[in-house]
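Novice:
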Amino acid sequence: MVDAQMVREFTDLLSENGVITDEVGLRSYECDGLTGFRQVPALVVLPRDAEEVAGAVRLCAKYGMPFVARGAGTGLSGGAMPVADGVVISLQKLRRILEIDVENRRAVLEPGVYNLEISKAAAPYGLYYAPDPSSQQVCTIGGNVAENSGGAHCLKYGFTTNHVLEMEVVLADGSVVTLGGPTGEQAGPDLRGLFIGSEGTLGVATSVTVRLLQTPQSVRTVLADFPSIEAAGDTVGDIVDAAIIPAAVEMMDSLAMEASEAATGAGLTVDSPAALIIELDGPSDEVEAEFEQLTAICERHGATRLHVPQEAEERQKVWKGRKAAFAAVGRISPDYIVQDGVVPRTRLAEVLTRIADMGRDAGLRVANVFHAGDGNLHPLVLYSEAAGEHDAAEKLSTDIAELCVELGGSLSGEHGIGTDKACSMPAMFSSDDLAVMHRVRLAFDPDSRCNPGKLFPTPRLCGERPGKYQPHPLEEAGVIERL
Amino acid sequence: MSTPAVTTVTPTTVDELRDAVLAHPGTLRVAGAGTAADWAGTPAPADTVLDVTGLSGIVTHNPGDMTVEVRAGTPFAALQDELAQHQQRVAVDPARATAGATLGGLFATADSGPRSLQYGSLRDLVIGATVVLPDGTIARSGGHVIKNVAGYDLTKVLHGAHGTLAVIAGLVLRLHPAPRSTPTVAVPTDRAGMADLARRVADSPVEAVAVQWHADRLLCLFEGSPEGADTRARKLVETVGGEVLAPDDATAAWDAHDAAVRARPDGRAVLRLGVIPSALPGVLDGLDSDIGGDAGGLTEVTASPRTGIATLALPADADLVAAAHRRVAEAGGTSTLRQRPDGASLPAFGPAPASAVLLRAVAASLDPDQRLGRGRLAPWIPLPTGQPTGVSA
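So the protein lines, in turn, are chains A and B.
Reminder that position 114 of the first sequence reads as 114 in UniProt numbering, one-by-one numbering, no gaps.
Reminder that position 10 of the second sequence reads as 10 in UniProt numbering, one-by-one numbering, no gaps.
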């Protein structure tokens with residue numbers, strides 16, 4: 001619990017402005033982008049630099065307080081949801097780009113730097129930062145590290161873990177370590193790669209060194225409408241078979257396009273059953289040659305319209321239609337849940353058919369916007385809270401994620417497990433798998449004070465009803481304790 | 001004094017591997033093809049050798065998904081041959097691959113080759129793993145899809161673990177299409193000029209997938225369609241000079257490069273290092289002057305001026321090797337001893353970083369009795385009390 005002495009110590013460290021204790025202030029941190037899960041924290045602190053982060057973590061250690069590091073709070077899995085009686089360490093004041101090293105093509109960043117700011121700062125030098133989550137204007141690099149964020153262009157360029165070279169990390173006891181190194185060359189095990197994607201459960205990154213890439217010489221994009229989801233899916237298969245690695249291949253169904261077009265006027269065909277946005281980048285001659293191949297493949301599969309934006313501005317408009325799709329769904333449904341499952345790309349048609357069936361059975365609409373090139377689905381389950389559809393929507397959403405696992409895929413491609421999917425983890429991992437992960441967690445954080453209650457299933461979180469005691473399988477495996 | 005007989009077991013399935021780990025108490029040493037047997041720390045004598053070459057072959061290959069699951073003891077070259085039939089490949093090219101190295105061995109030693117400039121190392125391409133812990137637990141992490149953030153990426157911690165922490169039984173990899181054309185441009189330059197030249201290559205739009213200095217030439221490798229890659233190679237020659245090598249000459253140049261990386265010169269140790277690219281020339285010059293011309297300076301130098309990674313041979317002298325580790329560490333880099341003359345006692349790593357505490361905690365959580373690869377990561381993970389510790393830098 002928070003007492004006056006503790007608040008005084010935080011205030012001494014961070015000044016009055018760096019400590020939030022009032023109810024209204026605390027409430028603005030009660031959830032992240034997954035608004036269905038809420039918890040008001042006991043305390044919010046706002047350190048201004050890495051040293052203050054370490055100091056704040058040490059105070060949490062001194063008082064045995066659990067803490068949750070938070071960037072912009074845009075996460076979609078409840079990873080930054082506060083812990084009851086815990087501290088939120090907001091990193092929003094650590095927003096400096098510490099270095100753009102043009103010679104070595106890297107940037108050193110504080111964790112609160114927005115993803116898109118990196119590319120903006122690098123652009124004058126012909127460089128950019130490749131991972132581009134749809135929320136890139138408002139999500140932070142620290143959050144990207146926690147979630148191992150991807151984005152539309154990760155099919156060709158990889159994920160956060162492929163672009164982070166080195167990090168300074170504050171561990172649960174307040175000690176500071178450097179993980180990774182100045183190159184991909186490693187001496188000893190890759191603790192950097194273990195930390196990335198650990199959803200804030202292993203420590204707090206206070207500086208992140210990323211690789212910058214040369215801006216491609218040429219970019220070509222096509223927006224192609226198809227008479228069916230299957231035709232669009234087959235097109236993606238043929239592109240892969242032709243050994244073309246597009247920078248991005250995105251698919252939208254008619255429901256998603258209807259919503260997005262209403263919001264953005266991006267030029268999507270609202271009555272088309274499916275559309276692909278395909279982008280190629282690289283050296284001009286080869287991009288042109290591959291682009292011809294690509295449009296021929298689209299036509300072979302009955303594309304009803306090929307829109308090729310000529311100017312960068314026009315291209316951005318098409319991308320806006322894609323990237324704004326999640327938010328736009330609010331126009332056609334009062335409430336919705338975003339899913340993030342992954343299937344092997346070759347099973348896309350199968351999974352979409354089954355999702356449509358499941359939606360019909362549940363009496364709910366499902367819009368689909370997804371990264372078709374790597375099989376990462378984002379089904380949007382539409383529902384009305386007011387009409388009492390929440391539980392049915394939750395169930396459908398969970399069933400879809402677990403269906404992805406059944407088809408050989410994953411619960412999450414980029415949004416993380418967080419609070420949202422923790423209870424589905426046993427569908428993907430055995431109790432032994434989870435027990436080993438938990439052992440590693442305890443090696444970093446013996447008291448489980450870093451973002452507790454996330455990623456790992458717990459009986460309390462996973463809704464076990466009180467009554468006759470039945471050991472949870474994870475309890476038996478020693479992964480969890482009954483709270 | 002008699003040496004106790006060492007038992008060697010050769011499991012052929014994951015269950016047999018687990019059974020072997022449980023049936024042979026005491027210390028274990030994982031052995032693959034033996035191409036990196038003396039890399040990193042000198043292993044303490046083990047009670048049992050786990051020969052994982054029996055865990056061989058592809059489990060599943062999904063060409064349409066561009067993923068493959070492979071048993072860890074599979075020779076990497078055989079895997080590439082198999083994938084080539086589908087015009088696919090694992091986009092890494094460590095020099096040991098052609099010497100018979102296994103996939104698991106390359107992963108455990110964090111080995112990589114010139115193409116790491118474009119594709120990274122195996123840590124960037126492995127998407128899942130099955131491992132066996134010293135307590136017999138079989139654990140999986142990751143999966144079969146290239147995009148997956150569910151759970152900890154435990155696989156990563158075995159990249160560079162040199163056979164400690166857990167036994168790798170199988171790995172799932174993401175694949176890339178095999179390029180139809182791979183021209184090489186060779187530009188003459190001495191070591192002093194390689195960095196500026198490599199910078200000019202990087203700043204041009206030709207997109208070389210490897211830029212590697214060896215034997216007074218910068219070798220620039222291109223991949224793509226015959227018309228595309230060949231055009232880019234010619235454009236580079238127009239920009240920076242040199243020549244597009246004839247296919248046989250290109251093969252010979254890269255073979256010579258790989259042979260230098262694999263070389264075991266008499267009486268010398270081999271060090272692998274990575275520093276921030278702009279620091280690489282200075283670090284190499286510094287190492288040369290530390291050693292002095294009388295001792296032969298650096299030999300077998302291969303360097304990637306754009307990644308900052310270099311492999312080189314130096315005298316197998318404990319003080320010189322320790323000094324080399326320190327020089328790299330002072331430049332903010334990392335270094336690992338790769339090869340040493342038989343019986344030479346040389347420091348494997350530089351000064352322990354602050355994260356060594358964490359490394360020891362992770363090791364204690366996965367292998368509390370230090371059964372696996374004892375000594376490999378010494379002195380960062382010291383031997384249990386009572387055993388001689390590793391040589392310190």
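Backbone N, C-alpha and C fix where the C-beta goes; we use that ideal spot for every residue, glycine too.
Do B/G73 and B/A129 count as a contact pair if the criterion is CB distance below 8 Å?
Specialist: Within the second sequence, numbered from 1, the residue matching residue 129 of chain B stands at position 129. Within the second sequence, numbered from 1, the residue matching residue 73 of chain B stands at position 73. Result no, Cβ atoms of B/A129 and B/G73 do not sit closer than 8 Å.
Novice: Is B/G297 near B/I276, with beta carbons less than 8 Å apart?
Specialist: If you number the second sequence from 1, residue 297 of chain B lands on position 297. If you number the second sequence from 1, residue 276 of chain B lands on position 276. No, Cβ-Cβ distance for B/G297 and B/I276 is not below 8 Å.
Novice: Return the CA-CA distance between residue 484 of chain A and A/I297, expressed in angstroms with no decimal places.
Specialist: Outside the shown range of chain A, which is 1 to 483, sits residue 484 of chain A, and nothing can be said about it.
Novice: Considering only residues of the same chain and omitting the five flanking positions on each side of A/V138, which have a CB-CB separation below 6 Å?
Specialist: By 1-based counting over the first sequence, the position of residue 138 of chain A is 138. These residues qualify, in order along the chain: A72, T74.
Novice: Does the region 253 to 270 of chain A come within contact of the region 320 to 327 of chain A, defined as at least 3 CB pairs closer than 8 Å?
Specialist: As far as the Cβ criterion goes, the region 253 to 270 of chain A touches the region 320 to 327 of chain A, which means the pair count is three or higher.
Novice: Thinking C-beta only, is A/A367 closer than 8 Å to A/E250?
Specialist: Here residue 250 of chain A corresponds to residue number 250 of the first sequence, with the count starting at 1. Here residue 367 of chain A corresponds to residue number 367 of the first sequence, with the count starting at 1. Against a cut-off of 8 Å, the Cβ pair of A/A367 and A/E250 comes out as no contact.
Novice: Quick test of your reading: A/K454 and A/G409, contact by CB under 8 Å. State the CB separation rounded to the nearest angstrom.
Specialist: Along the first sequence, one-based indexing puts residue 454 of chain A at 454. Along the first sequence, one-based indexing puts residue 409 of chain A at 409. That belief does not hold up - the Cβ atoms of A/K454 and A/G409 are roughly 21 Å apart, past 8 Å.
Novice: By the three-class DSSP mapping on this structure, what secondary structure does A/M428 have?
Specialist: Residue 428 of chain A sits at position 428 when you count from the first residue of the first sequence. Helix, per DSSP.
Novice: Does the separation of the CB atoms of A/S204 and A/A372 fall below 8 Å?
Specialist: Against the first sequence, residue 204 of chain A aligns to sequence position 204. Against the first sequence, residue 372 of chain A aligns to sequence position 372. The identity of residue 204 of chain A in the sequence shown is Val, whereas the question assumes Ser. In this structure, A/A372 does not lie closer than 8 Å to A/V204 by Cβ.
Novice: Does DSSP put B/Y119 in a helix, a strand or coil?
Specialist: Position 119 of the second sequence holds residue 119 of chain B. Reduced to three states, the DSSP call for B/Y119 is helix.
Novice: Give the secondary structure of A/R70 by DSSP, where H, G and I count as helix, E and B as strand, and everything else as coil.
Specialist: Counting from 1 along the first sequence, the entry for residue 70 of chain A is found at position 70. A/R70 falls in the strand class under three-state DSSP.
Novice: Rounded to whole angstroms, what is the Cα-Cα separation between B/P45 and B/R374?
Specialist: In the second sequence, counting from the first residue as 1, residue 45 of chain B sits at position 45. In the second sequence, counting from the first residue as 1, residue 374 of chain B sits at position 374. In a straight line, the C-alpha of B/P45 is about 8 Å away from that of B/R374.
Novice: Are there 16 or more other CB atoms within 10 angstroms of the CB of A/T221, so buried, or fewer, so exposed?
Specialist: In the first sequence, the residue the question calls residue 221 of chain A occupies position 221. Result: buried.
Novice: Who are the Cβ neighbours of A/K317 in its own chain at under 6 Å, not counting the five residues just before and after it?
Specialist: For this step, residue 317 of chain A is matched to residue 317 along the first sequence. The residues are A266.
Novice: Residues of chain B with a CB under 7 Å from the CB of A/G282: which are they?
Specialist: As a position in the first sequence, residue 282 of chain A is number 282, starting the count at 1. Result: E207.
Novice: What in chain A is Cβ-close to B/A316, meaning under 8 Å?
Specialist: The residue you call residue 316 of chain B lines up with position 316 of the second sequence. Chain A residues near B/A316: none, gap ~19 Å exceeds 8 Å.
Novice: Anything in chain A within Cβ reach of B/M194, meaning under 9 Å, just list it in chain order.
Specialist: Here residue 194 of chain B refers to the residue found at position 194 of the second sequence. What B/M194 touches in chain A: nothing, since even the nearest Cβ is about 14 Å away.
Novice: Identify every residue that forms a DSSP beta bridge with A/Y114.
Specialist: By one-based count along the first sequence, residue 114 of chain A stands at place 114. Paired residue(s): A/T140.
Novice: Identify the contact partners of A/F429 in chain B, using a Cβ-Cβ distance below 9 Å as the criterion.
Specialist: Along the first sequence, read from residue 1 onward, the residue named residue 429 of chain A stands at position 429. Within chain B, the residues near A/F429 are A139, R140, S141, A150, G151.
Novice: Using a beta-carbon distance below 8 Å, is B/D65 in contact with chain A?
Specialist: Residue mapping note: residue 65 of chain B aligns to position 65 of the second sequence, counting from 1. It does: the Cβ of B/D65 has a partner Cβ on chain A nearer than 8 Å.
Novice: Would you verify that the beta carbon of B/V240 is, or is not, closer than 8 Å to some beta carbon of chain A?
Specialist: Counting from one through the second sequence, the residue named residue 240 of chain B turns up at place 240. Not closer than 8 Å to any Cβ of chain A, the Cβ of B/V240 fails to qualify, so no.
Novice: I think A/D335 touches A/S384, with their Cβ atoms under 8 Å apart; what is that distance to the nearest whole Å?
Specialist: Against the first sequence, residue 335 of chain A aligns to sequence position 335. Against the first sequence, residue 384 of chain A aligns to sequence position 384. Contact flag correct, Cβ pair sits at about 6 Å.
Novice: I want to verify the contact list: residues of chain A whose CB lies under 9 Å from the CB of B/W39, in sequence order.
Specialist: Counting from 1 along the second sequence, the entry for residue 39 of chain B is found at position 39. Here the premise fails: no neighbours, minimum Cβ distance about 11 Å.
Novice: Between A/L116 and the rest of its own chain, which residues show a CB-CB distance below 7 Å, the 5 nearest in sequence each way excluded?
Specialist: The residue you call residue 116 of chain A lines up with position 116 of the first sequence. The residues are Q136, Q137.
Novice: Buried or exposed, going by whether 16 or more other CB atoms sit within 10 Å of the CB of A/E16?
Specialist: Position 16 of the first sequence, counted from the first residue, corresponds to residue 16 of chain A. Answer is exposed; the Cβ neighbour count stays below 16.
Novice: Is the region 360 to 373 of chain B in contact with the region 434 to 445 of chain A, if contact means three or more CB pairs nearer than 8 Å?
Specialist: With the cut-off at 8 Å, the region 360 to 373 of chain B and the region 434 to 445 of chain A touch.
Novice: In the region 179 to 217 of chain B, which residue ranges form an unbroken alpha helix (DSSP H) of at least 4 residues, counting only runs that do not cross its ends?
Specialist: Listed in chain order, the complete alpha helix (DSSP H) runs (minimum 4 residues) inside the region 179 to 217 of chain B are 191 to 203.
Novice: Can you check whether the C-beta of A/D253 is within less than 8 Å of a C-beta belonging to chain B?
Specialist: Taking the first sequence and counting its residues from 1, one reaches residue 253 of chain A at position 253. No, A/D253 lies away from the interface with chain B (no Cβ there is under 8 Å from its Cβ).
Novice: Looking at C-alpha atoms only, which residue of B/A331, B/R262, B/T27, B/V328 is the closest neighbour of B/P134?
Specialist: Taking the second sequence and counting its residues from 1, one reaches residue 134 of chain B at position 134. It is B/T27.
Novice: Quick check on A/G373: does DSSP put it in helix, strand or coil?
Specialist: By 1-based counting over the first sequence, the position of residue 373 of chain A is 373. If DSSP states are grouped into helix, strand and coil, A/G373 belongs with the helices.
Novice: With three or more C-beta pairs closer than 8 Å as the rule, is the region 220 to 238 of chain B touching the region 332 to 352 of chain B?
Specialist: Touching, no, given that fewer than three Cβ pairs across the two stretches are closer than 8 Å.
Novice: Would you verify that the beta carbon of B/V145 is, or is not, closer than 8 Å to some beta carbon of chain A?
Specialist: Taking the second sequence and counting its residues from 1, the one referred to as residue 145 of chain B is at position 145. Answer yes: the Cβ-Cβ gap between B/V145 and chain A drops below 8 Å somewhere.
Novice: Tell me whether the beta-carbon of A/V145 lies closer than 8 Å to the beta-carbon of A/V45.
Specialist: For the purposes of this step, residue 145 of chain A is taken as the residue at position 145 of the first sequence. For the purposes of this step, residue 45 of chain A is taken as the residue at position 45 of the first sequence. Cβ distance not < 8 Å, so A/V145 and A/V45 don't count as in contact.
Novice: Measure from the C-beta of A/I141 to each C-beta in chain B and report whether the shortest distance is under 8 Å.
Specialist: For the purposes of this step, residue 141 of chain A is identified with residue 141 of the first sequence, where counting begins at 1. Chain B contact via Cβ: absent.
Novice: Using the three-state DSSP reduction, which class does A/T269 fall into: helix, strand or coil?
Specialist: Taking the first residue of the first sequence as 1, we reach residue 269 of chain A at position 269. Coil.
Novice: Output, in sequence order along the chain, the residues in the region 175 to 199 of chain A whose CB is closer than 8 Å to any CB in chain B.
Specialist: Those residues of the region 175 to 199 of chain A that come within reach of chain B (Cβ to Cβ, closer than 8 Å) are S175, V176, V177, T178, L179, G181, P182, T183, G184, E185, Q186, A187, G188, P189, D190, L191, R192, G193, L194, I196, G197, S198.
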